[in-house]
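Peer 1: All residue numbers for the sequence shown refer to the working numbering, where the first residue is 4 and numbers rise by one.
Glycine is no exception: its CB is placed at the ideal position from the N, C-alpha and C atoms.
Structure in structure tokens, see below.
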Amino acid sequence: MTAKIKNNAELVIKIEGMKCFYCFTVVADILREFDGIKEIRIGLNKGNAIVRYDKEKVSSEKLLESLKKAGYNAVPKN
């Protein structure tokens with residue numbers, strides 16, 4: 004049980020350009036494709052996403068890169 008908790012990470016991403024429900028869906032679909040994603044919460048009005056993931060299976064850099072490739076300006080919000 005401790006090992007699972009140890010590998011969990013949370014990333015808050017500021018996503019510029021996410022303005023409509025279609026964008027919401029695209030962002031969710033992109034993030035869901037990665038193995039190790041545990042939870043995705045997207046705030047369309049806030050322009051952000053909160054992603055809980057297993058850092059042994061996916062990195063925050065890969066998540067950000069995938070959103071940037073789709074045309075979104077995605078940066079960590081901490």
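1. Which value, in whole angstroms, describes the spacing of the CA atoms of Asn-51 and Ile-16?
2. Tell me the DSSP secondary structure of Lys-80 in three-state form.
3. Give me, in chain order, the residues of the same chain whose beta-carbon lies closer than 8 Å to that of Ala-12; leave out the 5 immediate sequence neighbours on both sides.
4. So, is Ala-31 buried or exposed, given that buried needs 16 or more other C-beta atoms within 10 angstroms?
5. Below 8 Å on the Cβ atoms is my guess for Ile-18 versus Ala-77; work out the distance and round it to an integer in Å.
6. In whole angstroms, give me the CA-to-CA distance for Tyr-25 and Lys-80.
7. Quick check: the Cα distance between Ser-69 and Leu-14, rounded to an integer number of angstroms?
Peer 2: Reading it off the structure:
1. 5 Å
2. Residue state for Lys-80 is assigned as coil, using DSSP reduced to three classes.
3. Arg-55, Tyr-56, Asp-57, Lys-58, Ser-63
4. exposed
5. So it is a contact: roughly 5 Å between Cβ atoms.
6. Straight across, the Cα-Cα distance linking Tyr-25 with Lys-80 is about 22 Å.
7. 14 Å
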